[in-house]
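Novice: Take the sequence shown: its position 99, counting from 1, is numbered 99 in the numbering used here, and each next residue is one higher. Once you've had a glance at the structure underneath, I'll fire off some questions.
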Amino acid sequence: MIERVHEHIVNELQQNARTDTFFIPTAILLNLLTLGINSSVASDSDSGVTMPIVFTTFIILVLVVNFVVVICLQKGKQTRIKLINGLLRMYKDQGVEGYYDASLISNYSTRYNLFLLVAVFTGLIAIFVSLTILAEV
């Protein structure tokens, strides 16, 4: 039975990692895409009424996607910590806790914080540059 529990926890950790590798690049790609589209729209001086609509739409999209990414990464971080703590307890009960370094939890925490920083920072840059370009036009 303990093998099944271990397998289940490891599978959950793998699913958690796959989810993270989807959300992080998606947010960064959207942020950079928004930056490019808004810059392109701003460079077209004949865009008239549609320009503020495009800018606003993409800024709202960046805000919503980045909000979802932040929530998902925070939940992913919490889930990973709980799963690893469960593994550590299981390893301790089995007498093999020496093979898994508990400091990995803080390493994962730092990694999640850095992922959040990159996603949020690129989103803020996309919004800031878009608003700056809009103000100049």
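Idealized CB from N, CA, C, for every residue including glycine. These numbers come from a predicted model, not from an experiment.
1) The alpha helix (DSSP H) that contains Gly-76, what's its start and end?
2) Counting pairs of Cβ atoms below 8 angstroms between the segment 55–70 and the segment 88–96, do you hit three or more?
3) According to DSSP, is Ala-126 helix, strand or coil?
4) Nearest to Phe-67 by alpha carbon, out of Ala-17, Leu-131, Phe-23, Glu-136?
5) Excluding sequence positions up to five away, which residues of its chain have a Cβ less than 7 angstroms from the Cβ of Ile-127?
6) From this set, Val-49, Thr-79, Asp-101, Pro-25, which residue's C-alpha is nearest Val-65's C-alpha?
7) Would you mind working out which of Ile-81, Arg-80, Ile-71, Ser-40 sits nearest Leu-116, comparing C-alpha positions?
8) Would Leu-13 pass as a contact of Arg-80 if the rule is Cβ separation under 8 angstroms?
Specialist: Taking the coordinates as given:
1) Secondary structure note for Gly-76: its alpha helix (DSSP H) is the uninterrupted segment 50–94.
2) No: the two stretches stay apart, fewer than three of their Cβ pairs being nearer than 8 angstroms.
3) When secondary structure is reduced to three states using DSSP, Ala-126 falls in the helix class.
4) Of the candidates Ala-17, Leu-131, Phe-23, Glu-136, the one whose C-alpha sits nearest the C-alpha of Phe-67 is Phe-23.
5) Excluding the 5 residues flanking it on each side, Ile-127 has same chain C-beta neighbours closer than 7 angstroms at Ile-59, Val-62, in chain order.
6) Ranked by Cα distance from Val-65, the options Val-49, Thr-79, Asp-101, Pro-25 are led by Pro-25.
7) The residue with the shortest Cα to Cα distance from Leu-116 is Ile-71.
8) Yes.
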